[in-house]
Each structure stands twice: as structure tokens, then as C-alpha cells.
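Presented below is the structure to which this report refers.
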Amino acid sequence: QSNATIYGRMNLSIERQKDGGVSNTVMQNNASRIGFKGTEDLGGGLKAGFVLEHGFNADTGAASGAMWGRQSELNLSGGFGMVRLGRYTSEAYFATADYVSMHNHDTGTSADALYAYIDRDSNKLAYRTPDLGGLTLEAAVSLRENVGNYAYDVAANYDMGALQLGAGYQKDGDANQFALRALYTMGDFTFGGYVQRDEDVYGPGSRTNLRLSGMYTMGASEFHLNVGRAGDYSDLDDSAATQYTLAYGYNLSKRTKAYAFYTKVSADSANPYVGDFSSFALGLRHNF
Amino acid sequence: QSNATIYGRMNLSIERQKDGGVSNTVMQNNASRIGFKGTEDLGGGLKAGFVLEHGFNADTGAASGAMWGRQSELNLSGGFGMVRLGRYTSEAYFATADYVSMHNHDTGTSADALYAYIDRDSNKLAYRTPDLGGLTLEAAVSLRENVGNYAYDVAANYDMGALQLGAGYQKDGDANQFALRALYTMGDFTFGGYVQRDEDVYGPGSRTNLRLSGMYTMGASEFHLNVGRAGDYSDLDDSAATQYTLAYGYNLSKRTKAYAFYTKVSADSANPYVGDFSSFALGLRHNF
Amino acid sequence: QSNATIYGRMNLSIERQKDGGVSNTVMQNNASRIGFKGTEDLGGGLKAGFVLEHGFNADTGAASGAMWGRQSELNLSGGFGMVRLGRYTSEAYFATADYVSMHNHDTGTSADALYAYIDRDSNKLAYRTPDLGGLTLEAAVSLRENVGNYAYDVAANYDMGALQLGAGYQKDGDANQFALRALYTMGDFTFGGYVQRDEDVYGPGSRTNLRLSGMYTMGASEFHLNVGRAGDYSDLDDSAATQYTLAYGYNLSKRTKAYAFYTKVSADSANPYVGDFSSFALGLRHNF
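Quick mapping for you: the protein sequence lines, in order, are chains A, B and C. Counting in my numbering, the first sequence runs from 2 upward without gaps. Counting in my numbering, the second sequence runs from 2 upward without gaps. Counting in my numbering, the third sequence runs from 2 upward without gaps.
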């Protein structure tokens, strides 16, 4: 008779990593989490809902960040759309980079290392439109609370059936980023990609970041290819980077997947946000 | 088939605050919490029970204080009453200040800023009588564990129907406080108040603190007025303070309430425990 | 409709302790914990499972150690046995010291103070055999992750009905320990014991540690006697220690037990891991 549901994900892999020049065998946590959520029907189409999501390092048992750092949200929704209060991940990110990260859900060492994320997830007030014939818009403001400035997060998702489009914009002071995303499904093939333009997020000046991904499913098997390329920051030479990932997943059930991947990040000498890195991984992901 | 029930409350408001001379717009957490509790029927009227309650800042996702700082209790109850072990909030407080704080449940910026609370909630052993014809008594001791002294917490609640009375006493070394409370219900009106005498809790010497509150309910609406006045500490001139709150609540359901309030604290120049503060708030409280 | 079950234990006692020369009355936490676990049937005898277990001090509400420091495990099991990933307690310990600690489950002040435990519970990969006619084997390696060395944990359990045998081995660098355990049930009597040989775990050189325990059950009552003796470390004179515990438990239900015990640790003058200590305890343990 609880009004809350428990949910979560355990995702661990054994990886052979090469970080800079050093090789190592590690147990890698891939954004494991446990959460509690619920909704209450208030009548007249109105609903109240909450989500509390805790991230942890499944390899050591330690919390990662704040207790409910992944999500701490209270919302009210109805015919008018949804109002959201608290702490939650950027919708601009979900509409673009996360949307095309089909292998391992953008977690762990094969996560998108090049996407520019502006991290102002707390003290956030958002409005999401209802479904407008396939189109959904969301705009959020992070209150400044006498420290720094207001930050903004805007996202659009447009579902045209086989073709799905998205856009995201974030701004926090001088730092800002804008991205466009497309995902196209053709039978067992899915192709996606985004292009992002950011300013002063990880380096000085502006930068273009492009990513393409593809998935082919065959029964319980998934085959993935994912390639990203971020150019130089305009005011920092030799700051470009490339990442590619080859992955195979086998769905033991809807909730549980065994997987293997190889990922490699190559960074130019003055890159301020990533270094040379590669990993071969064998993993298990279990949703509950 | 769990023996534990999940419960909690998300309570967030958007507030325009004036703190000292500085105005600010903030997202305010109001004592959000999540907990786990259960009871086991042992037969013969005997029951074992536990409560674990975690407080957090819903605006940032961070834990507030110790993991189970709000409550960590194991108890055994039966015809003899109840024995409680662990950490839990003062029953003297529940019997008095909390009882009359009908708007927003004594949380957030409109919480009672003047009540003298003696915080020794850990390592506590309590005995609560059964219902003695409307009267319930509880006495608790916080073990000293070789640090400082024993602390005491005593409470009485007397339910006479429309009129409900309470009293609370706490002592920790020199610091002590005693309060008497009454609450009277007359149709849609509820009136309450307490008077407290404390010594050395927030300032040197003794002080009298008085609070009156009233609520009028009309359908799903609640109207609240709440006024408190704490005099000077006997050994500290200009240490008095006043607080008043006007509040409106609309119950979207039994579990979910939207509300607005204005609260104002005015403190004399040498007040050691509060400063000038005011806030206008719009909030949403959701129990689960 | 959650895929996770909540479970846990609250275990608190009021104790009169004498630590060195100092007497004190304390509320004692005895390894209280709350956890979440679940298994998913993947078909064909295959199962995925997880356990997340959080330890806390029930007397103060504070977390003890890492959030999921007691257990953070993802596993896959089937006819081949079980593969386990994450953080979890040594199986060598469960097969020996824990197995014979029948009073209060090896928690709190009456816990086995002399057993040599090698603490490398994180980043662990284990394989457990299926039941081989009463015999189960488990071997685990803790990855070094470029810090220190690999650590190993090996355990065997052999169930012959009334007689149950076990063995455990751990190694982390120079430190290592090996133990053999037997438990014999004869009607209402249960007798158990282990002998352990360790090197460099708590002191320099090697040491022999022996423990014997007995339980007699009569209806809801349990009577316990538990005696341990650890000799000198070979390179440290006067480092021996003795521990004995007398305990009585009354099972209010399968889940809830009231108990009393007296425990006493006597340590020689140069003992590096325990000191003189005694405690008389009255406690309540509630599983949920």
C-alpha cells in the first residue's frame, strides 16, 4: 500500500582500459542508480508526481554525488502541460545527446565524452507543454539564489513516426550550447546523430561537435556503431577530439542485457576536457 | 511482500525573501523527507515497530543532516504502553509547538522561529503510556555516553474532544524549557496556542514565548493566521522577536496541497537566534 | 509492482560497558541495516539478481561507512553456478566465523573480536559453484585497479546434514588467513567452532585463533555460550586475547528477538587489535 514505486539499474562491467599510457583492469560502474517515484491522480486530469533518484558506484557501494543528485523532482501536470520543481537532468541533453546514445544508455566509459553539458540542475523550475501533435517543448530556469546568475535550459522534441527530431539550448552566463538531433528508424536499423555548437563550456571560444550513431537489431542481439568528433575551440589550437565505440548487446530479457564494447577517445595535445583513452568492456546491465 | 512501507513528503516553494536587507528569489525546501516503516504483530497485543526517516533538500537533492537524522526508531508496544529506542524528535515539541503549527506543518521559512527546542534526539530511550482515558504521557532520557550529561524530554497530551491540551518539558544541563498548549475546534474554526518558558536555550537567562494560531476551513480551502512573540532573555536586553504568518492552502486531495503564505520575523537588535526576515511563498506539498 | 523488495534489521541494546577502566551506560547499535533486493527469472534456469544493503547507526541515525557499504552486488546465476560483481562481504568469513556466531549474529559488542578479517570487499568478481552434493565452493578476486595488489577470497561449505563443515582463505599482499569450521546439531543442542591461522593481519608474524560456541533452544528461548582464544602473534610477545559471551535470547516471533548477554574481552598488554572490555546488554532485534 505504498504510494511509491522502487526502480533502478545496476550496471557493471569488467574493462581493460588504457588511460594515457597506463593499462589497467578495472570493475567499472556505469551510472547505477536506485529511485523512488509515484503519481497521484487529483481528478479532472490533474496529477501530482515525484521522483527521487540516487546514483551510486556499484563497484564500491559509495554514493556518487549528492544523495538524490540524479533527480529530486516534484511536479504537477494536466491538460495545461507540466510544471516541474527541484533538481533534474537537462531536458536539452535528453533531447539530443542522450537520444542517440543507444548503446549502454550514455553511461560509463563509452558515454559521450564530447557533448557540452552545462550543469545547473538544482533549484530548477520548468514548464513542459502537453503533446502538441507530436511536438513537445520544455523551458527551465535555474534560480540564482544570490549566487552567480540565472541559467536556462530549453528543449524541443518532435515525433514524426519513423523520424524523430530534437533540439536543445542551455545558457549559464557566457557558457551556452545549442544542438540539433535526428533519429530515423528503418526496420531493424536505427540511425541517429546530433550536431552541437557551444561557447565557453569546456574551453575558450566556440566549438562544433558532431556525433553519428547506428544500431542494428537481430532477435535478442544489438549491434552498435557510434562516432563523435569535436573540433578545436576557436581560441585554443589543438583542442579537438574524436571518439568511437563499437558495441554488441544481448538482451537476456527486457530488463537485463549482457554487452561488450570497445571505445576509444583520441584527443589533440591541448584538449582541456578529455585525454587519450580506450577500453574493452564486458558488462551486465539489470533494470529493476 | 515487503514488511516495510515507503512514505514521505515533497514540499517545495518559490519564495521572494528579504533576509536582512537583501531580497532574493529562491526555491525553498520545506523539510522534504522519505521514510520506511513497519509494524509486526507479535500476538497477545504486543507489537514491534520501526521507523527510518531521511530528510533532504528537495531543491538540490542533498541530504540534510545524518542519513536517518529525522528518525531512526525501534519500538515495542502493548497493553503496557510503548518503549522506544533510537533517535526521534522531541515529544515535548510535538505536544506543543508542532501541534498548533497548522499551516505548512512547521516547515520551511514560515516554521516557528521562536520555539526553544533542545536538540538531544539521539541515544534516546522513552516510555509512553497507553491511552489513559484521553491522557497520554511520555518520558524520555538521552544517554550521556560519557559525553556531557543526560538529557530529558517529557510530554503530556490530553484529548477532551473539541478541546485538546498538551504540555512539554525538556532539560539538558542548564538549558531547559517548559510549555503548555491548547487547541480548540469549533466547527470550521480551529484556535490554538502555546506559552513557553525557557532558560539558557538560545540566550542567557530566561524568556517567555507565546504563540497563537487560527485556521478556518471552507471546502478544500484553508485560511491561516499565526502570531508569535518571544520576550527578552532576562540577561540580554533587546533580544525579543515577533513572527506572524498569513497563509492560504488549497487541498488538491488529501495528500496534495497548493499554498501561499506571507511570513515576517522582526527581531530586536541583540536577538541571538533570529534576524529580520520576510518571505512571500507559493508552494506545493505532496505526501506519499 | 516494484521489482525490488525492502528488507532490513533494527538491532539496539542498552548496555553497561566497561572499556579500559571506564564504566558507561550506552545505547549500542548492532549492525542495523536496510536493503533492497530482487531477482529476475531470465528463462532456461538463468536468473539475474541484485542486492543493495546500507548500514547505519540506529542510535544516532547516521550512516555507517559508504552508503551501500554492506553490499552492492549484481549477479547472474544458473545451472553453471553464480557470477557475482560489485561489493560484498567475504565468503571466507561467512563460511567460518559468522557461521558459528549464533548469538546476536556476530554484531555489536559481543561480535567476534578476534577473527582476522581481510577487508577488500570492493571491485570484487566471484564465482560460486552450484550445489555439488552438499558441497559449494566460491572464489573471488578483488581487482587492484592500479593501487596495491589483487586480493583473494576462497570459501567452501559442506553440508552433511547434522554436521556442517566450512573453510575460508583470504590473501591481500603479505596478509593472509585460513580457517576451518564445524557445526554439529544434536536435537536442541548446536555446537560449533572454528580454528584460524593468520599472518600479518592485525600484528606481525602469525597467530592461531580458536573459537567454540554452543546453543541450547527450549521453546522460544535460546541459551548461548561462546568462547574465543587468540594466541600471541609470533613476532609480538604479550599479544594474546580471550573473549567469552554468555547470552539468552527470547524469540517473540520469527522476526523479533529480545535478548540479554554478558561479554568480556581480556587482552594481553601488547595486543594490537583489542583491549580489555566487558558489557552487560539488554537488546531488541527486529528483522523486516
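Ideal Cβ placement from N, Cα and C applies to all residues, glycine included. Only a predicted model underlies this, so the values are computations on that prediction, with no experimental measurement involved.
Considering only the beta carbon of each residue, do C:ASP61 and B:ALA67 sit closer than 8 Å?
At residue 61 of chain C the sequence reads Thr, which differs from the Asp that was named. The answer is yes: Cβ separation under 8 Å.
Jot down the residue ranges of each uninterrupted beta strand (DSSP E) in the region 178-214 of chain A, minimum 3 residues, whole runs only, in chain order.
Here the runs fully enclosed are 190-200.
Proximal residues of chain A, C-beta to C-beta of B:THR26 below 7 Å:
Correct list: LEU144.
Measure from the C-beta of C:GLU41 to each C-beta in chain A and report whether the shortest distance is under 8 Å.
Yes, because at least one Cβ of chain A sits closer than 8 Å to the Cβ of C:GLU41.
Tell me the rounded alpha-carbon separation between A:THR40 and B:LEU43.
Between A:THR40 and B:LEU43, the C-alpha separation is close to 34 Å.
Would you mind giving the Cβ-Cβ distance between B:ALA168 and B:ALA180, rounded to the nearest angstrom? I have them listed as a contact below 8 Å.
Contact flag correct, Cβ pair sits at about 7 Å.
Quick one: residues in its chain with C-beta nearer than 7 Å to the C-beta of A:VAL27, no 5 flanking neighbours on either side, listed in chain order?
Taking A:VAL27 as the centre and dropping the five residues before and after it, the same chain places the C-beta of GLU16 and GLN18 closer than 7 Å to its C-beta, in chain order.
Residues in the same chain with beta-carbon distance under 7 Å from B:SER14, minus the five sequence neighbours each way, listed in chain order, please.
GLN29, ASN31, GLY109, ALA282, LEU283 and GLY284, listed in sequence order.
Does any C-beta atom of chain B lie closer than 8 Å to the C-beta of A:ALA5?
Taking Cβ atoms only, chain B reaches closer than 8 Å to A:ALA5, which makes this a yes.
Is the beta carbon of B:ALA271 less than 8 Å from the beta carbon of B:SER235?
In this structure, B:ALA271 sits away from B:SER235, with a CB-CB distance that is not shorter than 8 Å.
Considering just the uninterrupted stretch of the beta strand (DSSP E) at A:ASP236, what are its terminal residues?
Per DSSP, A:ASP236 is not a residue of any beta strand (DSSP E), being assigned neither H nor E.
Using a beta-carbon distance below 8 Å, is A:THR61 in contact with chain C?
Closer than 8 Å to some Cβ of chain C, the Cβ of A:THR61 qualifies, so yes.
Just how far apart, CA to CA, sit A:GLY188 and A:ASP160?
When only Cα atoms are considered, A:GLY188 and A:ASP160 end up about 17 Å apart.
Which partner residues of A:ARG121 appear in the DSSP bridge assignment?
Note: A:ARG121 sits in no beta bridge, so no partner.
Evaluate contact between the region 99-108 of chain B and the region 192-206 of chain B, counting only Cβ atoms and requiring at least three cross-stretch pairs below 8 Å.
The region 99-108 of chain B is in contact with the region 192-206 of chain B.
Relative to the C-alpha of B:GLU200, which candidate in B:ASN227, B:THR186, B:GLN178 and B:GLY220 has its C-alpha closest?
Nearest C-alpha to B:GLU200: B:GLN178.
Using 8 Å as the Cβ pair cut-off and three pairs as the minimum, do the region 262-270 of chain B and the region 252-268 of chain C touch?
No: fewer than three Cβ pairs fall under 8 Å.
Compute the distance between the beta-carbons of C:THR246 and C:SER111, then report whether it is under 8 Å.
Yes; because the gap between Cβ atoms is below 8 Å, this pair is in contact.
Which residue comes first and which comes last in the alpha helix (DSSP H) that contains C:GLU92?
From DSSP, the alpha helix (DSSP H) with C:GLU92 extends over 92-95.
Could you tell me the alpha carbon to alpha carbon distance between B:GLY80 and B:PRO131, rounded to whole angstroms?
Distance between the alpha carbons of B:GLY80 and B:PRO131: 7 Å.
Return the first residue and the last residue of the beta strand (DSSP E) that C:ALA261 is part of.
Element bounds for C:ALA261: 257-268.
Among residues of its own chain, excluding the 5 on either side of B:ASN4, which ones have a beta-carbon nearer than 8 Å to its beta-carbon?
Spatial neighbours of B:ASN4 in its own chain (CB-CB distance under 8 Å, excluding positions within 5 residues in sequence) are listed in chain order as GLY39 and GLU41.
Could you check whether the Cβ of C:ARG88 sits closer than 8 Å to any Cβ belonging to chain B?
No, because no Cβ of chain B sits closer than 8 Å to the Cβ of C:ARG88.
Give a yes or no on whether 8 Å exceeds the smallest Cβ distance from A:LEU213 to chain B.
For A:LEU213, the answer is no, since every Cβ of chain B falls outside 8 Å of its Cβ.
Would C:VAL202 be called buried (16 or more neighbouring beta carbons within 10 Å of its own) or exposed?
By the beta-carbon neighbour count (other beta carbons within 10 angstroms, threshold 16), C:VAL202 is buried.
Along the alpha helix (DSSP H) that carries C:ASP160, what are the first and last residues, could you check?
Segment 152-160 is the beta strand (DSSP E) holding C:ASP160; no alpha helix (DSSP H) there.
Using DSSP with H/G/I as helix, E/B as strand and the rest coil, what is B:THR130?
It is coil, neither helix nor strand.
When you compare the CB of B:VAL23 with every CB in chain A, is at least one pair closer than 8 Å?
Chain A, which has a Cβ nearer than 8 Å to the Cβ of B:VAL23, makes this yes.
For a contact meaning CB atoms closer than 9 Å, what does B:ALA1 contact in chain C?
Here chain B covers residues 2 to 289 and nothing more, so residue 1 of chain B does not appear.
For C:GLY9 and chain B, any beta-carbon pair shorter than 8 Å?
Yes, C:GLY9 lies at the interface with chain B (some Cβ there is under 8 Å from its Cβ).
Out of C:ARG198, C:SER65 and C:SER91, state which residue places its alpha-carbon closest to the alpha-carbon of C:SER207.
Distance from the Cα of C:SER207 is smallest, within the candidate group C:ARG198, C:SER65 and C:SER91, for C:ARG198.
N- and C-terminal bounds of the alpha helix (DSSP H) containing C:ALA98:
Segment 98-101, the alpha helix (DSSP H) holding C:ALA98.
So, is the C-beta of B:SER222 closer than 8 Å to a C-beta in chain A?
Not one chain A Cβ lies under 8 Å of B:SER222.
Closest Cβ-Cβ distance between B:SER123 and chain C: below 8 Å?
By this cut-off, B:SER123 is an interface position.
Alpha carbon to alpha carbon, what distance is there between C:LEU53 and C:TYR217?
Their Cα atoms are separated by approximately 34 Å.
Straight-line Cα distance separating B:GLN171 from B:VAL155:
Computed Cα separation, rounded: 6 Å.
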